[in-house]
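K.L.:
In this note's numbering, the protein residues as written are 2 to 72.
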């Protein structure tokens, strides 16, 4: 059985409290192999974060809402 990842307050509450946590940005992943890149680092990461830029406030585009929804 595959368990569903936690999200929201439950995910925060489940984080380890006896060590530093590792948070990785998805910006450095290879978008052509995004799934395999995420699986490769999964054993080492506690959190993933997604940097968002819309081309207006920040000068570049990063992740679009449809891509974020699929993640």
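Note that the Cβ used here is the ideal one computed from N, Cα and C, for glycine as well. All values derive from a computational prediction rather than experimental measurement.
Applying the criterion that 16 or more other CB atoms from any shown protein chain within 10 Å of the CB defines a buried residue, is residue 27 buried or exposed?
P.N.:
With 16 or more other Cβ atoms within 10 Å, it is buried.
K.L.:
Could you check where the beta strand (DSSP E) with residue 25 kicks off and where it finishes?
P.N.:
24-26 is the span of the beta strand (DSSP E), which, as asked, contains residue 25.
K.L.:
Could you spell out the range, first to last residue, of the beta strand (DSSP E) harbouring residue 48?
P.N.:
Note, residue 48: beta strand (DSSP E), 48-50.
K.L.:
At what residues does the alpha helix (DSSP H) containing residue 19 begin and finish?
P.N.:
Counting along the chain, residue 19 falls outside any alpha helix (DSSP H), and DSSP gives it neither H nor E.
K.L.:
So what does DSSP say about residue 8, is it helix, strand or coil?
P.N.:
Correct three-state label for residue 8: coil.
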